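Report on the structure given below.
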């Protein structure tokens with residue numbers, strides 16, 4: 017283990033100037049968190065509801081439950097182009113969580129349920145910062161409910177499908193150039209549907225292969241609340257209470273992974289995730305009243321990203337397992353359409369984790385992730401706002417899994 | 006493997022680089038010396054806005070912003086002659102308020118903002134680095150006695166220069182040199198055409214281009230001779246300013262229910278049209294349903310041998326109406342329909358041509374001088390044309406030519422808002438950095454105030 021950590025330390029030092037992708041949060045299982053968020057080719061219990069519903073039917077136990085969460089502690093520093101003026105975000109702690117349960121109905125069929133938070137983002141800039149007319153603060157949350165059915169075909173192949181019901185809400189504030197306190201608050205919630213399909217193949221005792229597709233979920237908001245704080249003299253032009261609609265895609269993912277049990281103690285896995293961010297072309301707001309004046313089209317121009325991951329676990333003893341991993345997440349955002357609402361930089365991350373099993377059926381799983389958002393000069397051209405961004409994030413997490 | 010050890014390692018790694026800090030910007034004075042920066046110019050340099058030079062707007066002049074930014078590259082504190090009044094030195098300050106028109110409708114508009122002034126007779130009593138004098142033409146900077154308070158009442162000296170002139174006799178240029186500047190800015194020339202333009206081409210003259218060139222040479226030679234480096238800026242076409250673009254040429258809109266008025270106007274001008282036909286001249290005054298061009302007085306038509314009562318015509322689309330045209334007179338006193346608009350509110354095509362020719366000549370002189378003397382050069386004209394034609398976005402603010410809502414012009418339609426001054430200061434900084442290999446930090450434009458809405 018010491019060797020592995022040392023290796024990791026040196027590699028991330030070399031990779032310092034590399035460096036999270038959009039507003040996706042893949043922290044859906046603390047075991048996977050510790051292994052570079054690799055999960056498609058693994059059978060780690062009920063968290064397969066998210067990572068690969070196909071693997072669920074190959075679960076060795078009758079019942080499996082998992083619950084846990086993470087704390088995202090992130091900081092972004094920004095230096096306005098051409099200046100020595102810096103601003104930092106004061107982001108609230110992000111708290112993604114998950115709950116999974118799975119039960120074998122019979123030898124070949126397993127039923128599962130997942131409640132998890134695969135998308136979310138928050139950024140809190142100073143109210144009077146240089147980019148206040150673009151964004152002051154934003155918080156985006158989505159909770160997915162996923163009933164899942166997984167079937168085993170023969171001894172080696174598992175196929176699974178889940179239906180996703182998503183609830184999401186978004187709230188953002190931005191300043192308006194009508195005086196010191198003028199601003200608008202947009203707040204809306206919605207629900208949407210999607211699906212999660214997975215295939216898992218146990219090629220041999222050592223080798224497993226997984227393929228998972230999670231569909232795009234389009235969060236289409238109607239009748240969101242728009243509250244304007246504006247000077248009295250403008251209230252006849254801009255109604256202080258208004259309604260808006262907008263649409264935000266939660267992009268599809270196609271993940272492919274291979275895992276290899278090197279020996280009874282060591283498991284290694286690699287994975288490639290294709291995140292279809294290309295769906296996020298533009299964030300457009302349409303207002304019920306005074307649309308001619310207020311409607312806005314805001315190009316985002318994201319492109320798909322491909323995230324390579326590597327991770328492993330080492331069983332130290334019957335009660336103790338350690339994990340490590342890393343990944344590189346190339347930013348899906350466009351250099352010229354880079355907004356401070358989603359500071360998405362090329363990100364390198366290393367992960368660490370362990371499980372402690374006080375009994376054979378109970379596992380306490382902890383993970384720690386550190387992300388380095390590579391320093392980069394970016395501009396949002398439609399507003400001619402640019403500068404240098406750098407981000408660091410640490411994510412400690414804790415979970416419990418139980419089977420019988 | 007010990008759990009504790011594992012956690013300590015993770016925490017240590019996490020804490021080391023938990024909060025990133027970007028320290029890419031290194032201030033640098035390059036080949037220039039910003040120890041004592043002196044700014045020479047007019048109201049735009051002084052910090053005039055909303056029709057007055059007043060306390061809370063003054064710090065936002067581009068020159069005062071620039072002076073402050075220079076402090077991080079070795080500049081001394083940049084001092085400007087502070088006006089101790091929110092209403093200015095002379096009356097004229099405007100604010101956004103509600104005004105009721107002659108027909109009884111109330112609207113949001115610039116209204117006079119009156120209060121206790123800081124009289125020009127109160128000398129500030131300290132040396133200043135911002136020598137911007139509102140109203141100054143180029144030649145005034147060279148004129149001895151331009152700051153003599155005794156000569157102000159006769160209009161022979163500037164009340165604004167009198168506030169901070171070191172002696173009654175000293176010229177602005179001499180005072181600049183007496184400050185032993187290491188760096189200077191010269192942005193002058195606007196009033197050489199603007200004085201004429203804001204008077205509608207009446208009551209002031211355009212400075213002849215040859216004179217401008219001569220004075221400009223004297224000014225720059227004297228400054229460069231001190232060994233100081235500097236930056237100069239050209240002047241914007243007056244037509245880029247809101248002052249000349251807010252009131253359209255055809256504000257007289259007659260609807261179906263006003264068809265009778267159309268007929269009355271046309272029959273009223275039948276004699277005029279017949280007379281013009283007799284003279285063999287193309288002028289005709291015709292009204293129709295819809296938007297109509299205003300009738301204006303044009304004394305220049307006297308040159309065609311027309312009697313005074315025929316020296317009127319409808320304004321052409323390419324001519325300009327000044328912001329000072331009283332709206333009530335249009336609405337309730339038949340200006341532009343039965344009564345011609347007086348010439349001081351109009352810039353005719355030929356007046357605009359004279360202004361454009363002079364502006365182009367001045368700018369050629371300024372740019373050539375910048376090259377000859379090796380000075381940094383700011384193309385303000387290009388910037389303001391971009392604002393006027395396509396609008397300019399900076400940090401999420403859209404700067405356009407529009408009056409009040411365009412973010413560019415303050416409530417007088419000519420001088421800039423604090424935000425626009427910040428944009429301009431950044432252009433100056435950029436030009437200085439490029440010419441002298443310096444690295445002066447620009448400013449965050451969104452941190453500066455825009456128009457204050459009640």
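Residue numbers (the working numbering), protein chains in the order written: chain A, 17 to 420; chain B, 6 to 459.
Idealized CB from N, CA, C, for every residue including glycine.
Values in this document were obtained by computation on a predicted structure and should not be read as measured data.
Rounded straight-line distance, which links the Cα of residue j to that of residue i
i	j	result
residue 277(A)	residue 62(A)	20 Å
residue 131(A)	residue 158(A)	11 Å
residue 243(B)	residue 352(A)	34 Å
residue 404(B)	residue 198(B)	24 Å
residue 292(A)	residue 98(B)	57 Å
residue 354(B)	residue 324(B)	5 Å
residue 79(A)	residue 379(A)	14 Å
residue 358(A)	residue 137(A)	7 Å
residue 469(B)	residue 253(B)	The structure shown does not extend to residue 469(B), since chain B spans only 6 to 459, so no value can be given for it.
residue 439(B)	residue 177(B)	28 Å
residue 406(B)	residue 262(B)	34 Å
residue 449(B)	residue 28(B)	17 Å
residue 196(B)	residue 143(B)	8 Å
residue 131(B)	residue 84(B)	9 Å
residue 81(A)	residue 414(A)	14 Å
residue 219(A)	residue 268(A)	27 Å
residue 118(B)	residue 248(A)	19 Å
residue 88(A)	residue 401(B)	29 Å
residue 191(B)	residue 214(B)	18 Å
residue 75(B)	residue 364(A)	39 Å
DSSP-derived helix/strand/coil call for residue i
i	result
residue 148(B)	coil
residue 299(B)	coil
residue 378(B)	helix
residue 75(B)	helix
residue 400(B)	coil
residue 247(B)	helix
residue 342(B)	coil
residue 288(B)	coil
residue 327(B)	coil
Amino acids of chain A, ordered along the chain, whose beta-carbon sits closer than 8 Å to that of residue i
i	result
residue 390(B)	Those do not exist, as residue 390(B) stays about 17 Å from chain A at its closest Cβ, beyond 8 Å.
residue 446(B)	98, 99, 100 and 101
residue 431(B)	98
Contact set between residue i and chain A, taken where Cβ atoms lie within less than 7 Å
i	result
residue 451(B)	146, 148 and 149
residue 29(B)	95 and 404
residue 402(B)	149 and 193
residue 32(B)	100
residue 398(B)	399 and 400
residue 421(B)	Simply none; closest approach about 15 Å.
residue 113(B)	249
Local Cβ density within 10 Å of residue i, reported as buried at 16 or more and exposed below that
i	result
residue 427(A)	With chain A covering 17 to 420 only, the question about residue 427(A) has no answer from this structure.
residue 217(B)	buried
residue 342(A)	buried
residue 309(A)	exposed
residue 322(B)	exposed
residue 206(B)	buried
residue 455(B)	buried
residue 392(B)	buried
residue 287(B)	exposed
residue 165(B)	buried
Under 9 Å by beta carbon: chain A residues contacting residue i
i	result
residue 412(B)	193
residue 379(B)	Chain A residues near residue 379(B): none, gap ~24 Å exceeds 9 Å.
residue 24(B)	91, 93, 104 and 408
Neighbouring residues, chain B, relative to residue i (Cβ below 9 Å)
i	result
residue 340(A)	Here the premise fails: no neighbours, minimum Cβ distance about 10 Å.
Chain B contact residues for residue i, given Cβ-Cβ distances below 7 Å
i	result
residue 250(A)	458
residue 391(A)	27
Would you say the segment 247 to 265 of chain B touches the segment 177 to 188 of chain B, given that touching needs at least three Cβ pairs under 8 Å? no
At least 3 beta-carbon pairs within less than 8 Å: the segment 270 to 277 of chain B vs the segment 404 to 416 of chain B = Output reads no: the segment 404 to 416 of chain B does not touch the segment 270 to 277 of chain B.
On the three-pair Cβ rule with 8 Å, is the segment 385 to 402 of chain A touching the segment 65 to 74 of chain A? no
query = Taking three-plus beta-carbon pairs below 8 Å as touching, is the segment 118 to 134 of chain B in contact with the segment 86 to 105 of chain B?
reply = yes
Measuring CB atoms only, is the segment 260 to 267 of chain A touching the segment 293 to 313 of chain A, in the sense that at least three cross pairs come out at less than 8 Å? yes
Note to self: Contact between the segment 227 to 239 of chain A and the segment 248 to 258 of chain A is defined here as three or more beta-carbon pairs at a separation below 8 Å; is this criterion met?
What the structure shows: no
message: For the segment 338 to 346 of chain B against the segment 293 to 306 of chain B, do three or more pairs of beta-carbon atoms, one drawn from each stretch, fall closer than 8 Å, so that the two count as touching?
response: yes
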